[in-house]
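J.: Have a look at the structure that comes next, please.
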Amino acid sequence: MTIGAADGTIPRPSFFERLSQSRNGLGFLFMLPAAIFLLCFLTYPLGLGVWLGFTDTRIGRPGVFIGLENYAYLMEDKVFWMSVFNTVVYTAVASILKFALGLWLAIILNEHLPFKTFFRAVILLPWVVPTVLSALAFWWIFDSQFSIISWVLMQAGLISSPINFLGDPTNARISVIAANVWRGIPFVAISLLAGLQTIPVSLHEAAALDGATSWQRFRRITLPLLTPIIAVVMTFSVLFTFTDFQLIYVLTKGGPVNATHLMATLSFQRGIPGGALGEGAAIAVAMVPFLLAAILFSFFGLQRRKWQQGATD
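Using our numbering, read the sequence shown as starting at 292 and increasing by one per residue.
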């Protein structure tokens, strides 16, 4: 009950009372701490990085504004373009493999299998294990002398000498992609499994009664209804893969001969050990257009209405 003033008028609610009684206002209040956190720990570092990219700042020495000189230098830097090529190939191949294997694994785990809960828990292990620990394990697996893979193949008589996994440029690229795929499959599989369980079983039963094959049910029911989840999962997968740093740095540090340098690792190498903060920041900023393109392609491309409705285009 609202008590009126002495003259009989009802006092006007204060700003905070109106804010607490509004759904939008409550939403704003709940989002405010997260917005402040992002402003301090995301927006400020991003803005600082953009600014450093336009300067010649080095560790221990403040820089001056030099405009686009860092970017002009990178346009003629062969190592930078190699890192761009490596990043695009690494992201594309790893993301496709993680999606294909993750979807296959999710479909298997969605079936009525014995010990299904146990297998779902075990499959998360590669994802929850710290990245550095996983990289150290793969570093031992890919060792040029003591590799377990080489030992098994030699015992089987398939090869005569150990494989140089991390010393050969092509082998090193394949090795780091394999390590990334092993680590990223659980995230894709569990996320898609959650999406599969939201699809009503009655749709598949009705399609089966109408004579639809397993492939037709997957193509016309499962895939269209799963595309919103696929869009979100693949967006995150592309972002995680494109900005991967720990796995590459522990395994190869960008070698051999810069063959596995990604833009993230090259930015760190130029900025911190190399001391050229401005150049390192410019490389990091150069990643932004690629990230935006990947997000737009993976998210909006997979959200096409015709595809979700089962059309061919």
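Glycine included, every Cβ here is placed at the ideal spot set by N, Cα and C.
Candidates 532, 564, 554 and 591: which alpha carbon is nearest residue 365's?
T.: 554
J.: Verify whether the separation of the beta carbon atoms of residue 256 and residue 575 is less than 9 Å.
T.: Because the chain here runs from 292 to 604, residue 256 falls outside it and cannot be looked at.
J.: Return yes when the Cβ of residue 425 is within less than 9 Å of the Cβ of residue 352, no when it is not.
T.: no
J.: Around the Cβ of residue 504, are there at least 16 other Cβ atoms within 10 angstroms (buried) or fewer (exposed)?
T.: exposed
J.: Looking only at its chain, what residues have a beta carbon closer than 7 Å to the beta carbon of residue 397, apart from the 5 residues adjacent to it on each side?
T.: 480, 483, 484 and 487
J.: Throw me the rounded Cβ distance for the residue 469 and residue 547 pair, which I believe falls under 8 Å.
T.: So it is not a contact: roughly 17 Å between Cβ atoms.
J.: Hey, residue 543 and residue 467: beta-carbon distance below 9 Å or not?
T.: yes
J.: Select from 420, 414 and 453 the residue whose C-alpha is nearest the C-alpha of residue 433.
T.: 453
J.: On the DSSP letters alone, give me the boundaries of the alpha helix (DSSP H) that residue 570 sits inside.
T.: 568-586
J.: Alpha carbon to alpha carbon, how far is residue 284 from residue 335?
T.: A query on residue 284 cannot be resolved here, the shown segment of the chain reaching from 292 to 604 and no further.
J.: Report all residues from its chain with a CB closer than 8 Å to the CB of residue 448; omit the five preceding and five following residues, and keep chain order.
T.: none
J.: For residue 345, is the classification buried or exposed, using 16 other Cβ atoms within 10 angstroms of its Cβ as the cut-off for buried?
T.: buried
J.: Please confirm whether residue 350 and residue 566 have their CB atoms less than 9 Å apart.
T.: yes
J.: With a threshold of 16 other CB atoms inside 10 Å of the CB of residue 429, please say whether the residue is buried or exposed.
T.: buried
J.: Beta-carbon separation of residue 549 and residue 370 under 9 Å?
T.: yes
J.: Given a cut-off of 9 Å on the beta-carbon distance, is the pair residue 393 and residue 476 in contact?
T.: yes
J.: Whole angstroms are fine: how far does the CA of residue 518 sit from the CA of residue 405?
T.: 28 Å
J.: Would the beta-carbon of residue 531 fall within 9 Å of that of residue 578?
T.: no
J.: Return the chain-ordered list of same chain residues with a C-beta closer than 6 Å to the C-beta of residue 386, the five sequence neighbours on each side being excluded.
T.: 528, 529 and 532
J.: Around the Cβ of residue 315, are there at least 16 other Cβ atoms within 10 angstroms (buried) or fewer (exposed)?
T.: exposed
J.: Assuming residue 369 is part of the alpha helix (DSSP H), what are its boundary residues?
T.: 369-400
J.: Check the C-beta distance from residue 538 over to residue 471 and give it rounded, since I have them as a contact under 8 Å.
T.: 6 Å
J.: Residues bridged to residue 346 by DSSP?
T.: 356
J.: Please say whether residue 572 and residue 343 have beta carbons closer to each other than 9 Å?
T.: Taking 9 Å as the Cβ cut-off, residue 343 and residue 572 qualify as a contacting pair.
J.: Alpha carbon to alpha carbon, how far is residue 556 from residue 325?
T.: 29 Å
J.: If contacts are defined as beta-carbon pairs under 8 Å, then residue 435 and residue 457 qualify, I think. What distance do you get, rounded to the angstrom?
T.: 7 Å
J.: So, with DSSP's three-state summary, where would you put residue 600?
T.: In this prediction, residue 600 scores a pLDDT of 47, lower than 50, which makes its location untrustworthy; no coordinate-derived value is stated.
J.: Kindly indicate the opening and closing residues of the alpha helix (DSSP H) around residue 515.
T.: 514-533
J.: Please give the ranges of any alpha helix (DSSP H) in the segment 529-563, keeping only runs that are unbroken, at least 4 residues long and fully inside the region.
T.: 537-542 and 554-562
J.: In angstroms with no decimal places, state the Cα-to-Cα distance between residue 521 and residue 586.
T.: 13 Å
J.: Quick one: using the 10 Å Cβ neighbour count with 16 as the cut-off for buried, is residue 441 buried or exposed?
T.: buried
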